[in-house]
Amino acid sequence: MLEVNLQEEAFIFHPSGALYCKRLQTLLIADVHLGKIAHFRKHGSAIPQKAILKNFQQLKKVVNTFKPEKIYFLGDLFHSAFNTEFTYFKTWVQKQQADLTLIVGNHDIIAPTHFENLGIKVEKEIYLENFLLTHHPEIREGFFTICGHIHPGFRLRGMGKQHEKLPCFFKSKQQLILPAFGTFTGKYLMQQSESDQIYVCTETEVIPIPPKL
Numbered sequence: 001m002l003e004v005n006l007q008e009e010a011f012i013f014h015p016s017g018a019l020y021c022k023r024l025q026t027l028l029i030a031d032v033h034l035g036k037i038a039h040f041r042k043h044g045s046a047i048p049q050k051a052i053l054k055n056f057q058q059l060k061k062v063v064n065t066f067k068p069e070k071i072y073f074l075g076d077l078f079h080s081a082f083n084t085e086f087t088y089f090k091t092w093v094q095k096q097q098a099d100l101t102l103i104v105g106n107h108d109i110i111a112p113t114h115f116e117n118l119g120i121k122v123e124k125e126i127y128l129e130n131f132l133l134t135h136h137p138e139i140r141e142g143f144f145t146i147c148g149h150i151h152p153g154f155r156l157r158g159m160g161k162q163h164e165k166l167p168c169f170f171k172s173k174q175q176l177i178l179p180a181f182g183t184f185t186g187k188y189l190m191q192q193s194e195s196d197q198i199y200v201c202t203e204t205e206v207i208p209i210p211p212k213l
């Protein structure tokens with residue numbers, strides 16, 4: 001984990017891609033894409049059934065780490081039409097003590113009532129003090145945006161010719177894009193300018209990458 005100040009507010013960057021605000025006891029998670037594995041399995045993809053459980057294991061781990069009072073999902077919580085993974089999600093929700101809010105993303109096509117019936121608030125965007133929480137990246141004057149959607153990634157190079165594409169937090173002057181939390185998602189390689197900051201997520205740590213000069 002790595003502590004980073006955003007707008008003079010202390011946040012913790014977690015290797016899972018989750019973001020935690022210490023003072024507000026608030027957990028932010030983007031692009032879980034629940035239902036995606038079941039969707040692909042239904043259409044013939046050879047993905048193990050146990051892969052579905054990885055997202056819920058990761059959710060359990062990060063919630064147990066921070067014990068937040070509030071959890072905001074920054075869009076694309078559920079990937080597709082209603083399928084069997086929603087049953088797993090319902091079971092997970094029933095065990096939560098935190099207030100849950102979904103900020104709708106482009107893949108969230110399930111009727112909001114399915115979430116609201118579980119006690120989850122559904123919003124288009126949220127103003128959290130001087131932060132704007134959205135799904136899509138958006139610059140709005142006077143606010144620092146925290147969002148998802150892009151699934152940012154970075155190619156980390158090792159000794160010799162080894163390299164690996166890993167998820168990352170991508171911070172620009174007025175915005176932080178969270179990595180996709182879901183285990184079955186792609187990564188879009190980000191181009192880093194000298195004013196951008198990248199924080200790469202490995203399985204166990206978050207590594208800051210020096211700005212490109």
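Numbering (UniProt numbering), first residue to last: 1 to 213. Note that beta-carbon positions come from the ideal geometry of N, C-alpha and C, so glycine has one too. This one's a predicted model, so the numbers in the text were calculated from it and none came from an experiment.
Alpha carbon of Glu129 to alpha carbon of Ile12, nearest angstrom: Working through the sequence shown from its first residue, we reach residue 129 at position 129. Working through the sequence shown from its first residue, we reach residue 12 at position 12. For Glu129 and Ile12, the distance between alpha carbons rounds to 18 Å.
State the DSSP-derived secondary structure class of Asn5, mapped to helix, strand or coil. By one-based count along the sequence shown, residue 5 stands at place 5. In the structure shown, Asn5 adopts extended strand secondary structure according to DSSP, grouped into three states.
Per the DSSP calculation, Pro172 is bridged to which residue(s)? The sequence position of residue 172 within the sequence shown is 172, counting from 1. First, the residue type needs correcting, since residue 172 is Ser and not Pro in the sequence shown. DSSP output for Ser172 lists Gln175 as bridge partner(s).
Tell me whether the beta-carbon of Leu133 lies closer than 7 Å to the beta-carbon of Ile120. Within the sequence shown, residue 133 is the residue found at index 133, counting from 1. Within the sequence shown, residue 120 is the residue found at index 120, counting from 1. Cβ distance not < 7 Å, so Leu133 and Ile120 don't count as in contact.
Cβ separation of Leu19 and Leu28, assumed to be a contact under 8 Å, to the nearest whole Å: Taking the sequence shown and counting its residues from 1, one reaches residue 19 at position 19. Taking the sequence shown and counting its residues from 1, one reaches residue 28 at position 28. For Leu19 against Leu28, the beta-carbon gap comes to about 4 Å, under 8 Å, which counts as contact.
Taking C-alpha atoms, which residue in Ser80, Thr87, Asp76, Ile71 lies nearest to Leu53? Numbered from its first residue, the sequence shown carries residue 53 at position 53. Residue Thr87 is the option with its Cα nearest to Leu53.
Going by beta carbon distance, what residues of the same chain come within less than 8 Å of Thr26, once the five residues before and after it are set aside? Residue numbering aside, residue 26 sits at position 26 when the sequence shown is read from its first letter. Correct list, in chain order: Tyr20, Pro68, Glu69, Lys70, Ile71, Tyr72, Leu128.
Reducing DSSP to helix, strand and coil, say where Phe82 ends up. Position 82 of the sequence shown, counted from the first residue, corresponds to residue 82. In the structure shown, Phe82 sits in coil (DSSP, three-state: anything other than H, G, I, E or B).
With 16 other Cβ atoms within 10 Å as the buried cut-off, status of Pro210: Taking the sequence shown and counting its residues from 1, one reaches residue 210 at position 210. With fewer than 16 Cβ atoms within 10 Å of its Cβ, Pro210 is classed as exposed.
CA-to-CA distance, Cys168 to Met1, given in whole angstroms: Mapped onto the sequence shown, residue 1 falls at position 1. Mapped onto the sequence shown, residue 168 falls at position 168. Computed Cα separation, rounded: 13 Å.
Taking the continuous beta strand (DSSP E) assigned at Pro112, which residues delimit it? Numbered from 1 along the sequence shown, position 112 holds the residue referred to as residue 112. Counting along the chain, Pro112 falls outside any beta strand (DSSP E), though it belongs to the alpha helix (DSSP H) covering 112-116.
Under a three-way DSSP split, which group does Thr145 fall into? In the sequence shown, residue 145 corresponds to position 145, counting from 1. It is a strand residue.
Counting C-beta neighbours from all protein chains within 10 Å, is the total for Ile139 16 or more, i.e. buried, or is it exposed? Here residue 139 refers to the residue found at position 139 when the sequence shown is read from its first residue. Exposed, because fewer than 16 other Cβ atoms sit within 10 Å of the Cβ of Ile139.
In whole angstroms, what is the alpha-carbon distance linking Glu9 and Lys95? Counted from its first residue, the sequence shown places residue 9 at position 9. Counted from its first residue, the sequence shown places residue 95 at position 95. Straight through space, the alpha carbons of Lys95 and Glu9 are spaced by roughly 29 Å.
Alpha carbon of Thr65 to alpha carbon of His14, nearest angstrom: In the sequence shown, counting from the first residue as 1, residue 65 sits at position 65. In the sequence shown, counting from the first residue as 1, residue 14 sits at position 14. So the alpha carbons of these two residues sit roughly 10 Å apart.
At the level of alpha carbons, what is the spacing between Tyr188 and Ile150? Sequence index remark: in the sequence shown, residue 188 carries index 188 (1-based). Sequence index remark: in the sequence shown, residue 150 carries index 150 (1-based). Roughly 7 Å separates the two Cα atoms.
If you drop the 5 nearest sequence neighbours on each side, which residues of the same chain put their C-beta closer than 7 Å to that of Glu203? Mapped onto the sequence shown, residue 203 falls at position 203. Same-chain partners within the cutoff: Pro15.
Nearest-angstrom Cα distance between Thr91 and Ser193? Here residue 91 refers to the residue found at position 91 when the sequence shown is read from its first residue. Here residue 193 refers to the residue found at position 193 when the sequence shown is read from its first residue. The straight-line gap from Cα to Cα measures roughly 43 Å.
Start and end residues, beta strand (DSSP E) containing Pro68: To locate residue 68, count along the sequence shown from 1; it is residue 68. For Pro68, there is no enclosing beta strand (DSSP E), as DSSP marks it with neither H nor E.
Look at Cys147 and Gly17 and say whether their C-beta atoms are less than 7 Å apart. For this step, residue 147 is matched to residue 147 along the sequence shown. For this step, residue 17 is matched to residue 17 along the sequence shown. Taking the C-beta atoms as reference points, Gly17 is found no nearer than 7 Å to Cys147.
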